[in-house]
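**Student:** Take a look at this one; I'll ask things after.
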Amino acid sequence: MIISSAKDYRAAAKAKVPPFLFHYADGGAYDEYTLRRNSEDLAQIALRQRILRNMSALNLETKLFNETLAMPVALAPVGLCGMYARRGEVQAASAADKKGIPFTLSTVSLCPIEEVAPAMKRPMWFQLYVLRDRGFMRNVLERAQAAGCSTLVFTVDMPVPGARYRDAHSGMSGPNAAMRRYLQSALYPQWAWDVGINGRPHDLGNISAYRGEPTKLEDYIGWLGNNFDPSISWRDLEWIRDFWKGPMVIKGILDPEDARDAVRFGADGIVVSNHGGRQLDGVLSSARALPAIADAVKGDLAILADGGVRSGLDVVRMIALGADTVLLGRAFLYALAAAGEAGVTNLLNLFEKEMRVAMTLTGARTIAEITRDSLVQAVSPMRPDALADAVANG
Numbered sequence: 001m002i003i004s005s006a007k008d009y010r011a012a013a014k015a016k017v018p019p020f021l022f023h024y025a026d027g028g029a030y031d032e033y034t035l036r037r038n039s040e041d042l043a044q045i046a047l048r049q050r051i052l053r054n055m056s057a058l059n060l061e062t063k064l065f066n067e068t069l070a071m072p073v074a075l076a077p078v079g080l081c082g083m084y085a086r087r088g089e090v091q092a093a094s095a096a097d098k099k100g101i102p103f104t105l106s107t108v109s110l111c112p113i114e115e116v117a118p119a120m121k122r123p124m125w126f127q128l129y130v131l132r133d134r135g136f137m138r139n140v141l142e143r144a145q146a147a148g149c150s151t152l153v154f155t156v157d158m159p160v161p162g163a164r165y166r167d168a169h170s171g172m173s174g175p176n177a178a179m180r181r182y183l184q185s186a187l188y189p190q191w192a193w194d195v196g197i198n199g200r201p202h203d204l205g206n207i208s209a210y211r212g213e214p215t216k217l218e219d220y221i222g223w224l225g226n227n228f229d230p231s232i233s234w235r236d237l238e239w240i241r242d243f244w245k246g247p248m249v250i251k252g253i254l255d256p257e258d259a260r261d262a263v264r265f266g267a268d269g270i271v272v273s274n275h276g277g278r279q280l281d282g283v284l285s286s287a288r289a290l291p292a293i294a295d296a297v298k299g300d301l302a303i304l305a306d307g308g309v310r311s312g313l314d315v316v317r318m319i320a321l322g323a324d325t326v327l328l329g330r331a332f333l334y335a336l337a338a339a340g341e342a343g344v345t346n347l348l349n350l351f352e353k354e355m356r357v358a359m360t361l362t363g364a365r366t367i368a369e370i371t372r373d374s375l376v377q378a379v380s381p382m383r384p385d386a387l388a389d390a391v392a393n394g
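Each residue of the sequence shown is one higher than the last, beginning at 1 in the UniProt record's numbering.
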């Protein structure tokens with residue numbers, strides 16, 4: 001298969017991993033309208049082309065939380081990465097580190113903090129959910145700090161798991177799920193050998209280290225359901241703000257008022273995100289929500305964004321809409337599933353090249369020069385009858 005984009009990696013991943021894993025990564029909540037709008041709305045953002053501006057010297061570097069990033073991109077926290085490639089979190093972290101961008105380890109990773117952090121020269125970021133078991137939260141925060149993690153990404157848009165219909169059909173959940181996963185795995189012998197056998201242990205490493213016993217994949221959904229805390233409020237985050245010594249980022253912001261609350265709380269950054277369309281279907285896409293949030297809090301804290309980003313062109317669009325840095329989720333997971341560390345490395349190189357093309361043709365020599373001035377008003381497609389009337393009327 002010829003690989004030239006994240007779309008190609010999606011097709012390669014679908015062919016390589018069992019369906020329960022592909023659809024877990026690929027799917028969203030309910031009827032997946034928000035999942036689709038994330039990509040569709042972002043693709044409709046029109047850029048302002050500029051010419052003859054001497055673009056011979058481009059600089060993609062940016063500063064974030066006193067770190068220098070080779071480009072304004074970080075790998076987002078994605079659960080169960082270790083099921084998509086052998087010890088997948090380690091491979092993805094290594095690729096990000098070599099590229100000079102952050103990698104964010106999920107609470108529900110297969111590989112524990114202590115296994116992934118040594119794979120990087122730069123400090124790793126760590127993501128945490130709000131959980132009923134505050135003992136686990138304190139334990140994992142202590143371990144993250146001991147491992148040198150620099151930035152805490154605190155996910156707040158998952159007080160309850162979303163209704164993900166695809167998972168029940170694919171075998172990730174639902175009746176006889178374990179047997180269905182086993183049968184699927186047998187039909188993908190390359191994955192079964194590389195990950196299923198040689199990628200063990202298949203347990204949630206961060207949780208197992210706390211519990212003192214393996215937390216297997218079959219326990220995953222039940223553990224999440226029992227431990228997410230719908231009673232959470234800003235006050236419940238204060239002890240974490242006091243405990244964590246580095247930057248703290250609130251992930252899951254879609255409303256300007258929530259963004260202002262994050263400023264008042266003392267967050268160092270926010271992630272404008274709808275959880276990849278995996279929580280509440282029908283909410284705004286990240287691209288639609290981002291400009292109003294940027295208008296409300298730009299300059300008061302760092303603004304990160306995710307959702308539907310599948311190219312370096314999309315990164316430029318997100319930054320023009322108001323983001324300082326963009327998180328990649330599904331895009332890097334597809335590449336990881338298809339080709340491991342080499343796939344993630346190649347994907348990041350593709351993103352860099354695509355950013356350079358977009359910046360050259362919009363006249364932005366630095367990341368700071370990608371602004372609202374880089375955008376034009378997108379033209380809505382005419383309805384067929386309106387188009388016919390326009391032609392008839394000259």
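Positions of the beta carbon are idealized from the N, C-alpha and C atoms, including for glycine. Quantities reported herein were computed from a predicted structural model and do not represent experimental measurements.
Between the C-alpha atoms of R158 and S273, what's the straight-line distance to the nearest angstrom?
**Tutor:** On the sequence shown, position 158 is the one that residue 158 refers to. On the sequence shown, position 273 is the one that residue 273 refers to. Arg is not the amino acid found at residue 158; the sequence shown has Met there. Roughly 12 Å between the two C-alpha positions.
**Student:** Could you tell me if residue 430 is buried or exposed, where buried requires 16 or more neighbouring beta carbons within 10 angstroms of its beta carbon?
**Tutor:** The question about residue 430 has no answer here: the residues shown for the chain are numbered 1 through 394.
**Student:** Can you give me the Cβ contacts of A6 inside the same chain, cut-off strictly under 6 Å, excluding the 5 residues immediately before and after it?
**Tutor:** Position 6 of the sequence shown, counting from 1, holds the residue named residue 6. Cβ neighbours of A6 beyond the five flanking positions: R310, A331.
**Student:** Apart from the five residues just before and just after L42, which ones in its own chain have a Cβ nearer than 8 Å to its Cβ?
**Tutor:** By 1-based counting over the sequence shown, the position of residue 42 is 42. Around L42: S285, S286, A287, G307, G308, V309, D314, R317, M318.
**Student:** Taking DSSP as the reference, what is the three-state secondary structure of Y33?
**Tutor:** Against the sequence shown, residue 33 aligns to sequence position 33. Reduced to three states, the DSSP call for Y33 is helix.
**Student:** Straight-line CA distance for residue 408 to A358?
**Tutor:** Lying outside 1 to 394, the shown extent of the chain, residue 408 is not represented and no answer is given.
**Student:** With DSSP run on the structure shown, which of helix, strand or coil describes A70?
**Tutor:** Against the sequence shown, residue 70 aligns to sequence position 70. The answer is coil: DSSP assigns A70 none of H, G, I, E or B.
**Student:** Comparing C-alpha positions only, which one of I51, A29, V73 sits nearest to A323?
**Tutor:** As a working mapping, residue 323 is identified with position 323 in the sequence shown. Per the Cα distances, V73.
**Student:** Going by the CB atoms, is the gap between A70 and I101 shorter than 8 Å?
**Tutor:** As a first step, residue 101 is located in the sequence shown; it is residue number 101 there, counting from the start. As a first step, residue 70 is located in the sequence shown; it is residue number 70 there, counting from the start. Contact flag set, yes.
**Student:** Between which two residues does the alpha helix (DSSP H) carrying W125 extend?
**Tutor:** Within the sequence shown, numbered from 1, the residue matching residue 125 stands at position 125. First-last for W125: 125-129, but that is the beta strand (DSSP E), not the alpha helix (DSSP H).
**Student:** Between H23 and R166, which are expected to be in contact by the criterion C-beta below 8 Å, what is the C-beta distance as a whole number of angstroms?
**Tutor:** Translated into the one-based positions of the sequence shown, residue 23 becomes position 23. Translated into the one-based positions of the sequence shown, residue 166 becomes position 166. Right, the Cβ-Cβ distance comes to about 5 Å (below 8 Å), so this counts as a contact.
**Student:** Provide the residue span of the alpha helix (DSSP H) that contains I207, from first to last.
**Tutor:** The residue given as residue 207 occupies position 207 in the sequence shown. First-last of the alpha helix (DSSP H) with I207: 205-211.
**Student:** Would you mind stating whether G252 and T34 have Cβ atoms separated by less than 8 Å?
**Tutor:** As a first step, residue 252 must be located in the sequence shown, where it is residue number 252. As a first step, residue 34 must be located in the sequence shown, where it is residue number 34. In this structure, T34 does not lie closer than 8 Å to G252 by Cβ.
**Student:** Where P18 and D26 are concerned, what is the direct C-alpha to C-alpha distance, given to the nearest angstrom?
**Tutor:** The sequence position of residue 18 within the sequence shown is 18, counting from 1. The sequence position of residue 26 within the sequence shown is 26, counting from 1. Each residue's alpha carbon lies about 12 Å from the other.
**Student:** One question on the structure: do P247 and A296 come within less than 8 Å of each other, judged by their Cβ atoms?
**Tutor:** As a working mapping, residue 247 is identified with position 247 in the sequence shown. As a working mapping, residue 296 is identified with position 296 in the sequence shown. No. Outside cutoff.
**Student:** Please classify W125 as buried or exposed, where buried requires at least 16 other C-beta atoms within 10 Å of its C-beta.
**Tutor:** Translated into the one-based positions of the sequence shown, residue 125 becomes position 125. Burial call: buried.
**Student:** Which residues in the same chain as E114 place their Cβ atom closer than 8 Å to its Cβ, once the five residues preceding and following it in sequence are excluded?
**Tutor:** By one-based count along the sequence shown, residue 114 stands at place 114. Hits under 8 Å: R143, A147, A209.
**Student:** Express the C-alpha separation of A46 and R383 in angstroms, rounding to a whole number.
**Tutor:** Taking the first residue of the sequence shown as position 1, residue 383 is located at position 383. Taking the first residue of the sequence shown as position 1, residue 46 is located at position 46. Residue placement at R383 is flagged as unreliable, the pLDDT there being 44, under the threshold of 50; the coordinate-derived value follows with that caveat. So the alpha carbons of these two residues sit roughly 19 Å apart.
**Student:** Which term fits R235, buried or exposed, when burial requires 16 or more other beta carbons within 10 angstroms of its beta carbon?
**Tutor:** Position 235 of the sequence shown, counted from the first residue, corresponds to residue 235. Burial call: exposed.
**Student:** Between the C-alpha atoms of S231 and R132, what's the straight-line distance to the nearest angstrom?
**Tutor:** The residue labelled residue 231 in the question sits at position 231 within the sequence shown. The residue labelled residue 132 in the question sits at position 132 within the sequence shown. Rounded to whole angstroms, S231 to R132 spans 9 Å at the Cα level.
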